[in-house]
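In the numbering used here, the protein residues as written are 148 to 508. One structure below.
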Amino acid sequence: RRSSDPRRAPARRALSPAAAMVSAADIIWITIAVALGVVVLALLVDLFRKVVIVEKGTTVVVERLGRFRCVLHEGLHFLAPFMDYPRAVTWRVTETYTDARHRQHVSIFQTRITRIDMREQVFDFANQEVITRDNVAITVHPILIFQLVDPVKVAYQTYDLPTAVTNLVQTSLRAIIGDMGLDDTLASREEINRSVHGKISRIALDWGMQINQVEVLEIFPTASIQAAMHKQLSAERLRRAAIVAAEGYREQVRTEAEGASQAAIALSTGEAAVMRLNAEGQAKTKELIADAEAQAVAALAEALREFEVEPTQYLVALRYLEAFLDVARKAAKRVMVFPYQASLNGALKQLALGDGADKSQ
């Protein structure tokens, strides 16, 4: 509400410039104090940030005013405020997993790090589509075991080291598997690993990375190729089963033939042994009969000596009569005609005379 006293208005107007001057000075001092406080706070914060603790197995690349200064290893280090800064390196973290249907899911996170890990690490790459020499598309899942050996090269030789290594491995795999057939690719993983390692190790070493090992974890042909491979495997198993069955039948026939041969040999050997024994028995029998006949002939000769008759003549005459007797028995009609032989008749006469003398005596 305006005052109605006209005497107070000039005094109030006289005090307004002084009050305004005091307020401006206070504002200036406050601004200066705030600025100094901000500078001191920034200096303190930067001082705290310049105290760097490097863990074992890691390194830090330090730059001073944009130029390389040094590499910090494990321990406590102090950097110059507003001048020294750690060099940031682009790095990529890849997370991959494969589901039950052999479908791979990849999650890639790209970040910038100031601490370079010098320990042995593993790069798990995404599945790579590769075409073999016989125009078969396959999917290859490689991994890379590496170790960073030169942090300066890691920081300055390439901008994105993981992407560069990924592209290098991909092109090497396509070049190597492109010169191989499907069967060779599936059976020659060790050769593929050695070839990829030989192609990329020298280039990666120029980037500060030492390649320790390259491994192809899995090789997935397409669904049609897998179906054809299953059919081929089934046919191969049937062929092997037929071969085994044929070999078994051949072995069976051969075994049966050998058994029959051995049986025939055993039978013939037994029959030969029986015949040999029979022959030996017959020979022994004939020897015994011959010995008995010899003894009989000797006895007969002893008996016929006093009649002055030869035993051979007597035996011949006896066999002659036995033959006639046998003919007379077997013939249906018998007509006996004795031939005239002086020796036979004389023998019979002498036998008759001998018989009569014996009777007279």
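The beta carbon of each residue, even a glycine, is placed where N, CA and C say it ideally should be.
Checking 8 Å against the spacing of the C-beta atoms, do Val-363 and Ile-339 come in under that value?
In this structure, Ile-339 lies closer than 8 Å to Val-363 by Cβ.
Alpha carbon to alpha carbon, what distance is there between Pro-368 and His-377?
Each residue's Cα considered, the two are about 12 Å apart.
Are there three or more Cβ pairs, one per stretch, closer than 8 Å when the stretch 281-290 is compared with the stretch 226-236?
Judged by Cβ distances under 8 Å, the stretch 281-290 makes no contact with the stretch 226-236, as fewer than three pairs qualify.
From this set, Trp-354, Leu-472 and Val-444, which residue's C-alpha is nearest Gln-460's C-alpha?
Out of Trp-354, Leu-472 and Val-444, Val-444 has the C-alpha closest to the C-alpha of Gln-460.
If distances are taken between C-alpha atoms only, which option among Ile-436, Val-301, Val-218 and Trp-354 comes closest to Val-199?
When each option's Cα is compared against that of Val-199, the closest is Val-218.
Please return the same chain residues whose Cβ sits closer than 6 Å to the Cβ of Arg-259, not counting the five positions on each side in sequence.
Cβ within range, chain order: Ala-235 and Thr-237.
Report the residue from Leu-352, Phe-471, Gly-222 and Asp-331 whose alpha carbon sits nearest the alpha carbon of Ile-285.
Taking only the C-alpha atoms, the option nearest Ile-285 is Asp-331.
Measuring alpha carbon to alpha carbon, tell me which of Glu-398, Asp-353, Val-283 and Ile-372 ends up nearest Met-327.
Cα-wise, what sits closest to Met-327 is Val-283.
Do the stretch 293-305 and the stretch 264-279 touch if we need at least three Cβ pairs shorter than 8 Å?
The stretch 293-305 is in contact with the stretch 264-279.
Taking a contact to mean a Cβ-Cβ separation below 8 Å, would you say Trp-354 touches Thr-310 in this structure?
No. Outside cutoff.
Roughly how many angstroms separate the alpha carbons of Val-192 and Ile-263, rounded to a whole number?
Using only the alpha carbons, I get a separation of about 24 Å.
Going straight from the alpha carbon of Ala-370 to that of Ala-322, what length do you get?
Distance between the alpha carbons of Ala-370 and Ala-322 is about 23 Å.
Given that a residue counts as buried once 16 or more other Cβ atoms are within 10 Å of its Cβ, and exposed if not, what is Glu-403?
Its Cβ having fewer than 16 others within 10 Å, Glu-403 is exposed.
What residue does the beta strand (DSSP E) around Thr-383 start on, and which one ends it?
The residue you asked about is not Thr; residue 383 is Glu in the sequence shown. It is not in any beta strand (DSSP E) - Glu-383 instead sits in the alpha helix (DSSP H) that spans 370-451.
With DSSP as the reference, label Tyr-487 as helix, strand or coil.
Below a pLDDT of 50, predicted positions are generally treated as unreliable, and Tyr-487, at 48, falls in that range; the measurement from the model is reported next regardless. If DSSP states are grouped into helix, strand and coil, Tyr-487 belongs with coil.
For a test of the three-state rule: what should DSSP assign to Gln-257, helix, strand or coil?
Correct three-state label for Gln-257: strand.
If you reduce the DSSP assignment to three classes, tell me which class Arg-196 lands in.
The answer is helix: DSSP assigns Arg-196 an H, G or I state.
Of all the options Asn-274, Ala-247, Thr-261 and Arg-466, which has the alpha carbon lying nearest to the alpha carbon of Ser-254?
Answer by Cα proximity: Asn-274.
Exposed or buried, which one is Ala-351 when buried takes at least 16 other CB atoms within 10 Å?
The residue is buried, with at least 16 neighbouring Cβ atoms inside 10 Å.
Does DSSP put Val-343 in a helix, a strand or coil?
Of the three classes helix, strand and coil, the one that applies to Val-343 here is helix, per DSSP.
If you follow the alpha helix (DSSP H) that Asp-331 is part of, which residue opens it and which one closes it?
Note, Asp-331: alpha helix (DSSP H), 329-334.
In the DSSP assignment, find the beta strand (DSSP E) that holds Gln-304 and state where it starts and stops.
Neither: Gln-304 is in no beta strand (DSSP E) and is coded neither H nor E.
Under 7 Å Cβ to Cβ from Arg-216, same chain only, skipping five residues before and after it: list those, please.
Answer for Arg-216: Val-209, Glu-210 and Asp-231, listed in chain order.
Could you give the C-beta distance for Phe-272 and Thr-313, rounded to a whole number, given that I count them as a contact under 8 Å?
Confirmed, about 6 Å.
Taking the CB atoms as reference points, tell me whether Ile-358 and Gly-325 lie closer together than 8 Å.
For Ile-358 and Gly-325, no; Cβs fall outside 8 Å.
Could you tell me which of Val-299, Asp-307 and Arg-280 sits nearest to Leu-333, measuring between CA atoms?
Considering only alpha carbons, the answer is Arg-280.
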